[in-house]
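Remarks on the structure that follows.
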Amino acid sequence: MSQEDMLVALQREVESLKNKMSELEKRAGAADDYIAISNLQRTYGYYVDKGQWDDAADLFAENGTLEIAGRGVYKGQDRVRQYMNNFPKYERGVLFNHMQLQPVITINAESGTAKGRWRTFIQIATLDVEARWGEATYENEYVKVDGIWRIAKLHGFITFYSEYDRGWDKGGVKLVRSFKGLEPDAPSTYNYEAWPEAFIPPYHYPNPVTGRRNNGSV
Amino acid sequence: MSQEDMLVALQREVESLKNKMSELEKRAGAADDYIAISNLQRTYGYYVDKGQWDDAADLFAENGTLEIAGRGVYKGQDRVRQYMNNFPKYERGVLFNHMQLQPVITINAESGTAKGRWRTFIQIATLDVEARWGEATYENEYVKVDGIWRIAKLHGFITFYSEYDRGWDKGGVKLVRSFKGLEPDAPSTYNYEAWPEAFIPPYHYPNPVTGRRNNGSV
Amino acid sequence: MSQEDMLVALQREVESLKNKMSELEKRAGAADDYIAISNLQRTYGYYVDKGQWDDAADLFAENGTLEIAGRGVYKGQDRVRQYMNNFPKYERGVLFNHMQLQPVITINAESGTAKGRWRTFIQIATLDVEARWGEATYENEYVKVDGIWRIAKLHGFITFYSEYDRGWDKGGVKLVRSFKGLEPDAPSTYNYEAWPEAFIPPYHYPNPVTGRRNNGSV
Numbered sequence: 001m002s003q004e005d006m007l008v009a010l011q012r013e014v015e016s017l018k019n020k021m022s023e024l025e026k027r028a029g030a031a032d033d034y035i036a037i038s039n040l041q042r043t044y045g046y047y048v049d050k051g052q053w054d055d056a057a058d059l060f061a062e063n064g065t066l067e068i069a070g071r072g073v074y075k076g077q078d079r080v081r082q083y084m085n086n087f088p089k090y091e092r093g094v095l096f097n098h099m100q101l102q103p104v105i106t107i108n109a110e111s112g113t114a115k116g117r118w119r120t121f122i123q124i125a126t127l128d129v130e131a132r133w134g135e136a137t138y139e140n141e142y143v144k145v146d147g148i149w150r151i152a153k154l155h156g157f158i159t160f161y162s163e164y165d166r167g168w169d170k171g172g173v174k175l176v177r178s179f180k181g182l183e184p185d186a187p188s189t190y191n192y193e194a195w196p197e198a199f200i201p202p203y204h205y206p207n208p209v210t211g212r213r214n215n216g217s218v
Numbered sequence: 001m002s003q004e005d006m007l008v009a010l011q012r013e014v015e016s017l018k019n020k021m022s023e024l025e026k027r028a029g030a031a032d033d034y035i036a037i038s039n040l041q042r043t044y045g046y047y048v049d050k051g052q053w054d055d056a057a058d059l060f061a062e063n064g065t066l067e068i069a070g071r072g073v074y075k076g077q078d079r080v081r082q083y084m085n086n087f088p089k090y091e092r093g094v095l096f097n098h099m100q101l102q103p104v105i106t107i108n109a110e111s112g113t114a115k116g117r118w119r120t121f122i123q124i125a126t127l128d129v130e131a132r133w134g135e136a137t138y139e140n141e142y143v144k145v146d147g148i149w150r151i152a153k154l155h156g157f158i159t160f161y162s163e164y165d166r167g168w169d170k171g172g173v174k175l176v177r178s179f180k181g182l183e184p185d186a187p188s189t190y191n192y193e194a195w196p197e198a199f200i201p202p203y204h205y206p207n208p209v210t211g212r213r214n215n216g217s218v
Numbered sequence: 001m002s003q004e005d006m007l008v009a010l011q012r013e014v015e016s017l018k019n020k021m022s023e024l025e026k027r028a029g030a031a032d033d034y035i036a037i038s039n040l041q042r043t044y045g046y047y048v049d050k051g052q053w054d055d056a057a058d059l060f061a062e063n064g065t066l067e068i069a070g071r072g073v074y075k076g077q078d079r080v081r082q083y084m085n086n087f088p089k090y091e092r093g094v095l096f097n098h099m100q101l102q103p104v105i106t107i108n109a110e111s112g113t114a115k116g117r118w119r120t121f122i123q124i125a126t127l128d129v130e131a132r133w134g135e136a137t138y139e140n141e142y143v144k145v146d147g148i149w150r151i152a153k154l155h156g157f158i159t160f161y162s163e164y165d166r167g168w169d170k171g172g173v174k175l176v177r178s179f180k181g182l183e184p185d186a187p188s189t190y191n192y193e194a195w196p197e198a199f200i201p202p203y204h205y206p207n208p209v210t211g212r213r214n215n216g217s218v
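Protein chains in written order, with UniProt numbering: chain Z, 1 to 218; chain W, 1 to 218; chain R, 1 to 218.
As structure tokens, this is what we get:
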């Protein structure tokens, strides 16, 4: 082979390597993103457990939104912060655990956005007053701003709240639909009731094997 | 250095880069696989919660198998679908939550197969009839067909079922061992009883530090 | 372009590819590490469930430490093993489930070390004697020795223990602070009480969005 042929062959190989590399960089980024988004949502949970509301609100993008339990949509980090600070202070005799579980995360690396389905398993109590079990499904969105993943949308569908002493079979606690003096910026996007009513929180993704849409309607 | 020497040196470097690249591609694939398998099993859980049996069955490979609670082995997607559709319809007054938790996933990228140990924490209820807590360990297998991960084997070992009102200390609910008119294709691969009996569901992997096999026998 | 110019250009490209490659190798390693550490801690949980104490102790580094529930620090794998073997044998009538949930993992690939915040949701029972719910937050450390991730530090802060029959609202079970004949090697690093007292287990990481330190003090 002439030197020129060798050079041309090498150029082709280097070109192919560069393409593979940029493909790989995207895939490696997806792993980084997966870890970052997982850590983000789980950290949200740890903050909520302990009433660290300002830290929790800081996890939202500037124009991030929050919608929980059919109480309407709160728009922007300031309103999210206001909503959160409406909850009781964490102190002796307050239990407010919100375990963040079972993530299904779908990342769009090109656009720097992602969606995640999670569930939270809830244990709440006020000493000598009441104790409850609860569960909610989240369908959340995330956005990468300045290289840092943030919550773009947190949407929690509470599926049951039950008194600890009564259990689930005797019905559930009705959802609180509004907080006095804390009007939402927009009405709820879904109309539903928690247990014992039936409701399938919508999925952000199709069946991962068949690709068929499943909108979660009963 | 002569141009020829430079060329030869470059060729060697490109060759080394190509090898590293193909090594890296395998590793990047493992991350993609990890995310896909995690999403797959967790999606199975969300479908089971809500009685979306056809969607759940679609997650199985054509020749996938299902074995739960010592009820025998159901072979092939059709029989899995039949088994699932035997359960009550999701509707008002039916709670059937199966949280998918604590995955230990082992991927064989070369063969496009994987194994996963999971546990499910279960809350079930029929309004005004009964409520239960339950837990099961899964030892599952996955297979990549046409670029999509599917469930090759789902094996759930139920470790306890307890009436909500009685708690665990007063014993458990006996496992249902068969469903009328729904004979399995093969007998159970393990003989065990749930709580209060002792049973260690077998592990698909050795101790990750010592490498010693631990077959989970008491 | 002369052959020499082509060669020089190629050399520059290959150099750039090599740099990107070594950057990518680090990132791909982080994904491998994430999976390995996740599998490690979850396997610890499965072993604890079933009283597989020697297998659990084997997951610790030679100089690994264990500190749980304010009982002091046990230093080195041998003392960890001794601490663990102090617990009741797994057998009929013993339930000791410790689900490993909600990991926030921070990896330092350069140093081969990592930290992880987890929580465990606990169901324990002795048949005909007692049943309890419990929850703990872990702040753990991991170290890669001979290419294998091990537990360098396991620190569990129990946040509540409640009798199943009483629930949370009526207060909690006091933490057991020491085991007879099993003196720790060093006193507890934190002084705290479980529910109904308030305590925020310290975080190993700052707020992931603002970067502000949050030491978890109430």
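Ideal Cβ placement from N, Cα and C applies to all residues, glycine included.
| query | In chain R, which residues lie less than 8 Å from MET121 (chain W) when you measure between Cβ atoms? | reply | Here the question's residue 121 (chain W) lines up with position 121 in the second sequence. The amino acid at residue 121 (chain W) is misidentified as Met; the sequence shows Phe. Neighbours of PHE121 (chain W) on chain R, chain order: MET99 and PHE121.
| task | Could you check if GLY147 (chain Z) is buried or exposed, using at least 16 other CB atoms within 10 Å of its CB as the buried criterion? | result | Mapped onto the first sequence, residue 147 (chain Z) falls at position 147. Sixteen is the threshold: since fewer than 16 other Cβ atoms of the shown chains lie within 10 Å of the Cβ of GLY147 (chain Z), the residue is exposed.
| CB contact check: ALA28 (chain Z) to chain R, cutoff 8 Å | Looking up residue 28 (chain Z) in the first sequence gives position 28. Chain R contact via Cβ: present.
| query | Whose Cβ in chain R lies nearer than 8 Å to the Cβ of GLU62 (chain Z)? | reply | Taking the first residue of the first sequence as position 1, residue 62 (chain Z) is located at position 62. Ordered by position in chain R, no residue passes the 8 Å Cβ test against GLU62 (chain Z), which lies about 11 Å from the chain.
| query | In this structure, does DSSP put GLN3 (chain W) in helix, strand or coil? | reply | The residue labelled residue 3 (chain W) in the question sits at position 3 within the second sequence. Reduced to three states, the DSSP call for GLN3 (chain W) is helix.
| said: If I follow the unbroken beta strand (DSSP E) through TYR138 (chain W), where does it start and stop? | reply: Position 138 of the second sequence, counted from the start, is the residue given in the question as residue 138 (chain W). It spans 130-145 - the beta strand (DSSP E) in which TYR138 (chain W) sits, taken as one unbroken run.
| message | Using CA atoms only, rank isn't needed, just tell me which of R:ALA198, R:ASN108, R:LEU101 and R:LEU182 is closest to PHE87 (chain R). | response | In the third sequence, counting from the first residue as 1, residue 87 (chain R) sits at position 87. Considering only alpha carbons, the answer is R:LEU182.
| query | So, is the C-beta of MET1 (chain R) closer than 8 Å to a C-beta in chain W? | reply | Taking the third sequence and counting its residues from 1, one reaches residue 1 (chain R) at position 1. Contact with chain W is absent for MET1 (chain R), since none of that chain's Cβ atoms lies less than 8 Å from the residue's Cβ.
| Proximal residues to ARG92 (chain W) (C-beta, below 8 Å), its chain only, five neighbours per side dropped | Taking the second sequence and counting its residues from 1, the one referred to as residue 92 (chain W) is at position 92. The beta carbon of ARG92 (chain W) is closer than 8 Å to those of LEU127 in its chain, skipping five residues each way along the sequence.
| message | Run through chain W and tell me which residues come within less than 7 Å of TRP195 (chain Z), C-beta to C-beta. | response | Residue numbering aside, residue 195 (chain Z) sits at position 195 when the first sequence is read from its first letter. In chain order, LEU95 make up the part of chain W whose C-beta sits under 7 Å from the C-beta of TRP195 (chain Z).
| query | TYR34 (chain Z) versus chain W: which residues are under 7 Å apart at the beta carbon? | reply | Looking up residue 34 (chain Z) in the first sequence gives position 34. Contact note: TYR34 (chain Z) reaches chain W through ILE35, using a C-beta cutoff of 7 Å and chain order.
| query | Where does SER162 (chain W) land, buried or exposed, given buried means 16+ other C-beta within 10 angstroms? | reply | Taking the first residue of the second sequence as position 1, residue 162 (chain W) is located at position 162. The residue in question, SER162 (chain W), is buried, as its Cβ has 16 or more Cβ neighbours within 10 Å.
| request: Evaluate ASN19 (chain R) with the Cβ neighbour count: other Cβ atoms within 10 Å of its Cβ, from every protein chain shown; 16 or more gives buried, anything less gives exposed. | output: For this step, residue 19 (chain R) is matched to residue 19 along the third sequence. Answer is exposed; the Cβ neighbour count stays below 16.
| message | Is there a Cβ of chain Z sitting closer than 8 Å to that of MET21 (chain W), yes or no? | response | Within the second sequence, the letter at position 21 stands for residue 21 (chain W). Yes - at least one Cβ of chain Z is within 8 Å of the one on MET21 (chain W).
| query | How far does the beta strand (DSSP E) with ASN191 (chain R) in it reach, from first residue to last? | reply | For the purposes of this step, residue 191 (chain R) is taken as the residue at position 191 of the third sequence. Counting along the chain, ASN191 (chain R) sits inside no beta strand (DSSP E), nor does DSSP assign it H or E at all.
| said: In the DSSP assignment, the alpha helix (DSSP H) including ASN85 (chain Z) goes from what residue to what residue? | reply: Here residue 85 (chain Z) refers to the residue found at position 85 when the first sequence is read from its first residue. Where ASN85 (chain Z) is concerned, the enclosing alpha helix (DSSP H) starts and stops at 77-85.
| said: Report the CB separation of GLY116 (chain R) from LYS144 (chain R) in whole angstroms; it is logged as a contact under 8 Å. | reply: Within the third sequence, the letter at position 116 stands for residue 116 (chain R). Within the third sequence, the letter at position 144 stands for residue 144 (chain R). About 13 Å separates the CB atoms of GLY116 (chain R) and LYS144 (chain R); that is not less than 8 Å, and the two are not in contact.
| task | Kindly list the residues whose CB is nearer than 6 Å to the CB of ARG81 (chain R), restricted to its own chain and excluding five residues on each side of it in sequence; keep chain order. | result | The residue you call residue 81 (chain R) lines up with position 81 of the third sequence. ALA57, listed in sequence order.
| field | Residues that TRP149 (chain Z) contacts on chain W, provided the C-beta gap is smaller than 7 Å | value | As a first step, residue 149 (chain Z) must be located in the first sequence, where it is residue number 149. Against chain W, the beta carbon of TRP149 (chain Z) has no neighbour under 7 Å; the closest one sits roughly 15 Å away.
| task | Excluding the 5 residues preceding and the 5 following ALA9 (chain R) in the sequence, name in chain order all residues of the same chain whose CB lies nearer than 7 Å to its CB. | result | Taking the first residue of the third sequence as 1, we reach residue 9 (chain R) at position 9. Only residues of its own chain outside the window of five on either side were considered, and among them none has a CB closer than 7 Å to the CB of ALA9 (chain R).
| request: Apply the 10 Å Cβ neighbour rule to VAL14 (chain R) and answer buried if 16 or more other Cβ atoms are within range, or exposed otherwise. | output: Translated into the one-based positions of the third sequence, residue 14 (chain R) becomes position 14. A buried status is given to VAL14 (chain R), since no fewer than 16 other beta-carbon atoms sit within 10 Å of its beta-carbon.
| request: Have a look at the DSSP bridge pairing and note the partners of PHE179 (chain R). | output: Translated into positions along the third sequence, residue 179 (chain R) becomes position 179. For PHE179 (chain R), which the question treats as bridged, DSSP gives no partner whatsoever.
| query | Taking one C-beta from the region 37-54 of chain W and one from the region 41-60 of chain R each time, how about it: are there three or more such pairs within less than 8 Å? | reply | Judged by Cβ distances under 8 Å, the region 37-54 of chain W makes no contact with the region 41-60 of chain R, as fewer than three pairs qualify.
| request: Tell me whether the beta-carbon of ALA28 (chain W) lies closer than 8 Å to the beta-carbon of ALA28 (chain Z). | output: By one-based count along the second sequence, residue 28 (chain W) stands at place 28. By one-based count along the first sequence, residue 28 (chain Z) stands at place 28. Contact flag set, yes.
| task | Spell out the partners DSSP gives GLU163 (chain W) in its beta bridges. | result | Position 163 of the second sequence, counted from the first residue, corresponds to residue 163 (chain W). DSSP output for GLU163 (chain W) lists W:ARG132 as bridge partner(s).
| request: Spell out whether any CB of chain W is found under 8 Å from the CB atom of ASN214 (chain R). | output: Within the third sequence, residue 214 (chain R) is the residue found at index 214, counting from 1. At a cut-off of 8 Å between beta-carbon atoms, ASN214 (chain R) makes no contact with chain W.
| Contact check, ASP33 (chain W) vs TRP149 (chain W) under 8 Å by CB: the rounded distance? | Within the second sequence, the letter at position 33 stands for residue 33 (chain W). Within the second sequence, the letter at position 149 stands for residue 149 (chain W). ASP33 (chain W) to TRP149 (chain W), Cβ: 7 Å. Contact.
| task | Anything in chain W within Cβ reach of MET6 (chain Z), meaning under 7 Å, just list it in chain order. | result | Counting from 1 along the first sequence, the entry for residue 6 (chain Z) is found at position 6. Close to MET6 (chain Z), with beta-carbon spacing below 7 Å, are these residues of chain W in chain order: LEU7.
| query | Can a CB atom of chain R be found closer than 8 Å to the CB of LYS18 (chain Z)? | reply | Along the first sequence, read from residue 1 onward, the residue named residue 18 (chain Z) stands at position 18. True, the Cβ-Cβ gap to chain R drops below 8 Å.
| Which of the three DSSP states, helix, strand or coil, is assigned to GLU110 (chain W)? | For the purposes of this step, residue 110 (chain W) is identified with residue 110 of the second sequence, where counting begins at 1. Residue state, collapsed to three classes: coil.
| is_contact[residue 219 (chain W), chain Z] using C-beta, thresh 8 Å | Lying before the first or after the last residue shown, residue 219 (chain W) is absent from chain W, which here runs from 1 to 218.
| chain Z within 8 Å of THR43 (chain W), Cβ atoms only | By one-based count along the second sequence, residue 43 (chain W) stands at place 43. It does; some Cβ of chain Z falls within 8 Å.
| request: Reducing DSSP to helix, strand and coil, say where LEU10 (chain W) ends up. | output: On the second sequence, residue 10 (chain W) is found 10 positions in, with the first residue counted as 1. Helix.
| request: Could you say which of Z:HIS98, Z:VAL94 and Z:ARG166 lies nearest to VAL129 (chain W) if we only look at CA atoms? | output: To locate residue 129 (chain W), count along the second sequence from 1; it is residue 129. Nearest of Z:HIS98, Z:VAL94 and Z:ARG166 to VAL129 (chain W), Cα basis: Z:ARG166.
| C-alpha distance - ILE151 (chain W) paired with MET84 (chain Z), whole-angstrom precision | Walking along the second sequence from the start, residue 151 (chain W) turns up at place 151. Walking along the first sequence from the start, residue 84 (chain Z) turns up at place 84. C-alpha of ILE151 (chain W) to C-alpha of MET84 (chain Z): approximately 40 Å in a straight line.
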